[in-house]
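Have a look at the structure below, then the notes.
Protein chains: 2
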Amino acid sequence: MTMADLARIAGVSKITISRALGDGDLVNAQTRDRIRALATKHGYTLNVSARNLRLRRSHTVAVVVEMTPSASRPLSGPYPLEILGGISHELTSVGYSVLLTTRQSAVTPALQAADGVILLGQGAHDDAVHLLDRWRLPMVVWGARRAGDRHVVVGSDNREGGALAADRFVAIGRRRAVFLGDLDHMEIAERYAGFRDALARHGLETEVVRRDAFTMAAGAEATQMLLARGKGARVDAIFACNDLLAMGAIRALLEHGARVPDDISVIGYDDTPLGASFIPPLSSIHQSWHDGGVLLARKLLQLIDGKRARSETLPTSLVVRST
Amino acid sequence: MTMADLARIAGVSKITISRALGDGDLVNAQTRDRIRALATKHGYTLNVSARNLRLRRSHTVAVVVEMTPSASRPLSGPYPLEILGGISHELTSVGYSVLLTTRQSAVTPALQAADGVILLGQGAHDDAVHLLDRWRLPMVVWGARRAGDRHVVVGSDNREGGALAADRFVAIGRRRAVFLGDLDHMEIAERYAGFRDALARHGLETEVVRRDAFTMAAGAEATQMLLARGKGARVDAIFACNDLLAMGAIRALLEHGARVPDDISVIGYDDTPLGASFIPPLSSIHQSWHDGGVLLARKLLQLIDGKRARSETLPTSLVVRST
DNA sequence: CGATATCTTGATATCGGTAACAATCGCGCC
DNA sequence: GGCGCGATTGTTACCGATATCAAGATATCG
Chain A
506 MTMADLARIA GVSKITISRA LGDGDLVNAQ TRDRIRALAT KHGYTLNVSA
556 RNLRLRRSHT VAVVVEMTPS ASRPLSGPYP LEILGGISHE LTSVGYSVLL
606 TTRQSAVTPA LQAADGVILL GQGAHDDAVH LLDRWRLPMV VWGARRAGDR
656 HVVVGSDNRE GGALAADRFV AIGRRRAVFL GDLDHMEIAE RYAGFRDALA
706 RHGLETEVVR RDAFTMAAGA EATQMLLARG KGARVDAIFA CNDLLAMGAI
756 RALLEHGARV PDDISVIGYD DTPLGASFIP PLSSIHQSWH DGGVLLARKL
806 LQLIDGKRAR SETLPTSLVV RST
Chain B
506 MTMADLARIA GVSKITISRA LGDGDLVNAQ TRDRIRALAT KHGYTLNVSA
556 RNLRLRRSHT VAVVVEMTPS ASRPLSGPYP LEILGGISHE LTSVGYSVLL
606 TTRQSAVTPA LQAADGVILL GQGAHDDAVH LLDRWRLPMV VWGARRAGDR
656 HVVVGSDNRE GGALAADRFV AIGRRRAVFL GDLDHMEIAE RYAGFRDALA
706 RHGLETEVVR RDAFTMAAGA EATQMLLARG KGARVDAIFA CNDLLAMGAI
756 RALLEHGARV PDDISVIGYD DTPLGASFIP PLSSIHQSWH DGGVLLARKL
806 LQLIDGKRAR SETLPTSLVV RST
């Protein structure tokens, strides 16, 4: 069933069908409705390849993802499936296809034909510069913004996330807070910066305990180290850059006999369902992955349409549970 | 840069270019190499839309995924990103595109034009029957096989996984084993069946403690219940249908003063990086998600090529760590 | 040497849409 | 009445690839 067939049935020409199903403004309202009704009735579907060929557009967006989980990043993938859900939802709703690619996979014609690229994953920024030069395609990257970036970046507001944790600690009267995490990661460095600055505004200092891995074990071990120190260095709040580290910390605290949150308050990051189901339920900074995906998609569509798009950060929020 | 352009440069006709880059057999080896060299030199890439139009194939596979994590399934998505990696890798390497779709998203022309469908997620089986009737497309489903299934199913060998856990328990002399999990899920029921049967072969009985959620909290709570029972019902081995439940169980055991694995041995399922980084490192049944994805893709490609494909199960293995 | 088989290349039509331009119709206005 | 205008529909020519059939060149064989 092609347009020609439908045209014959409706007693009009192909182009009228095309216009009736598409633009809609160039065709009489009655004929348009009649044709649309006929199309649904006969189960007609547009041939995407033909349209793409004629329009010289692939209506495809390549999403390049890092997919290998590792012991130091124990959640299933650096970025949750949810963000892909947001991207996919937004793009398919406007007739675009999501071409999922791993960073390792070969550059296929289909990939090269993409109308735009979305990059997810820790190496994204470096890849971005690389790809941008080679392909000159519209491109949007997920992550933290950097100074010289020429590409559009979407990410959640890590500074704000850090500040939210700090404000909470101040609000419940904590005086000695520790930040737990690896400052080499841009996003985490931002979380720390927001945390430190917000505390500084209240005249409080921050201490950093660096750990490279994002595991419970690392969190527990770091916390044991803190607990083993003398009384002079006692802390009453821990902000972990990640829920797993936070959970590890809590575990170590409880094992050591410290009360959470009475003696030491702990806040995690990411608001994972895992943290929510932890005992005790973990307080955490929430960022909406789904919205992030949607925003990435929208920005890219703007670029594809030849409009400008600005880098943007998504708001975060603090979810207070029992820690 | 189209085929026509390249043809002009090479001094041959379009069709020769097409044959040189494709089949390769119908064209002189020298001209073929010359043309291929020219193609790379001028950075020519095939127009996928044009080819698809002519061949009446979309070279696209729709992957339908369940993407919403929830409190009762706290890992980021019911199926890890890794399986998508396997699918994507395999398909893109043979020139197919992966069209990622959520179960909720609308049926777009691009989706309908797919050459095949891969279904992932818990509702997959029911959707399968539905879609198969409506679309008559080649389709492959991830999960456990069921009796009346008319579609091809790929999944890991849950029976074997259960049996491996049982064999291990027998090998280290355990006598009273408990299975922890929700038997309403097909895959988990299989794990239990394998576990129970393997123990039965050694004259041992099994006890089931059902819990619906896949969380640490549920695992801990179930285990506390077990510990609270009288001495007559003492258990010395727990097989959890999931790493999180296993971790919850271990936590409860340690809190109660039981030694793991000396008093009670625990084995989880999925071999998540999370479990590997747990303290103590969790023994678990491993299944290769990546290989699963690859196999799904291969089966589907067979179907698309008009060949037959059989349902298949992937082997599992036991990773012995410290529990 | 002629005929046939094989290898290699080309001309043409076609896949199913959409843009550009042309044509038709009805209407208002001078 | 004739002209111009907007609204609506149609004609034609493509987009860039590949299948089909045909044709020229070369090899093989009796």
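The listed protein sequences correspond, in order, to chains A and B.
Following this note's numbering, the residues of the first sequence are numbered contiguously, the last one being 828.
Following this note's numbering, the residues of the second sequence are numbered contiguously, the last one being 828.
Note that beta-carbon positions come from the ideal geometry of N, C-alpha and C, so glycine has one too.
None of the values given here were measured: they were computed from a predicted structure.
Proximity below 7 Å, CB of residue i to CB of residue j
i, j, result
"B:I772", "B:A670", "yes"
"B:L616", "A:S554", "no"
"A:R524", "A:V532", "yes"
"B:S602", "B:T565", "yes"
"A:V658", "A:S816", "yes"
"A:G621", "A:L805", "yes"
"A:Q729", "A:A763", "no"
"B:L808", "B:P643", "yes"
"B:A694", "B:L685", "no"
"A:D662", "A:T818", "yes"
"B:L787", "B:A754", "no"
"A:M508", "A:K519", "yes"
"A:S563", "A:A611", "no"
"A:A567", "A:L604", "yes"
Chain-ordered chain B contacts of residue i [CB-CB under 9 Å]
i, result
"A:T728", "What A:T728 touches in chain B: nothing, since even the nearest Cβ is about 12 Å away."
"A:L787", "Here the premise fails: no neighbours, minimum Cβ distance about 11 Å."
As assigned by DSSP and simplified to three states, the class of residue i
i, result
"B:A542", "helix"
"B:A763", "coil"
"A:T521", "helix"
"A:H791", "strand"
"B:L732", "helix"
"A:Y774", "strand"
"B:A745", "strand"
"A:T597", "helix"
"B:V553", "helix"
"A:E571", "coil"
"A:L625", "coil"
"A:L805", "helix"
"B:G699", "helix"
"A:E712", "strand"
"B:L866", "Summary: the structure shown does not reach residue 866 of chain B, with chain B confined to residues 506 through 828, and so no result is reported for it."
Cβ neighbours of residue i in the same chain (closer than 8 Å, five flanking residues each side left out)
i, result
"A:L798", "The question names Leu, but residue 798 of chain A is Gly in the sequence shown. E587, I588, L589, G590, G591, I592, S593, H594 and E595."
"B:V683", "T711, E712, V713, V714, L731, V740, A742, I743 and F744"
"A:R541", "A525 and L526"
"A:I769", "V740, D741, A742, I743, L758 and A763"
Within chain A, the residues that residue i reaches when beta carbons sit closer than 8 Å
i, result
"B:G600", "T613, P614 and A615"
"B:L669", "Simply none; closest approach about 22 Å."
"B:F783", "M721 and A722"
"B:S610", "S593, H594, T597 and S598"
"B:T550", "P614, Q617 and A618"
Neighbourhood of residue i by C-beta distance below 6 Å, restricted to the same chain and skipping five residues each side
i, result
"A:P766", "T828"
"A:P579", "Here A:P579 scores only 48 on pLDDT, less than 50, and its place in the model should not be relied on; the value that follows carries that caveat. Taken in chain order, the residues that qualify are T720."
"B:R650", "V658 and S816"
Burial state of residue i (16 or more Cβ within 10 Å)
i, result
"B:S782", "buried"
"B:Q792", "buried"
"B:R722", "For clarity, residue 722 of chain B is Ala in the given sequence; the question names Arg instead. Under this definition B:A722 is a buried residue."
"B:L560", "exposed"
"B:S598", "exposed"
"B:H656", "buried"
"A:A652", "exposed"
"B:V646", "buried"
"B:R641", "exposed"
Contact set between residue i and chain B, taken where Cβ atoms lie within less than 7 Å
i, result
"A:G621", "Under the 7 Å cutoff, chain B gives no residues; its nearest Cβ is about 15 Å from A:G621."
"A:V603", "L604 and L605"
"A:N557", "S554"
Cut-off 7 Å between Cβ atoms - residues of its own chain near residue i, not counting five sequence neighbours on either side
i, result
"B:L779", "D748"
"A:Y774", "G666, R696, A745, C746, N747, D748, S789 and I790"
"B:V824", "D776, S788, S789 and H791"
Interface partners of residue i on chain B, CB under 8 Å
i, result
"A:N747", "Result: empty, since nearest Cβ-Cβ is about 12 Å, beyond 8 Å."
"A:S563", "V553 and S554"
"A:A725", "I784"
Contact list for residue i against chain A, beta-carbon separation under 9 Å
i, result
"B:L758", "In chain order: nothing, as chain A lies at least about 14 Å away."
"B:L732", "Those within 9 Å of B:L732 in chain A number zero; the least Cβ separation is about 16 Å."
Contact set between residue i and chain A, taken where Cβ atoms lie within less than 7 Å
i, result
"B:G773", "Within 7 Å Cβ-Cβ: nothing; B:G773 doesn't reach chain A, min ~13 Å."
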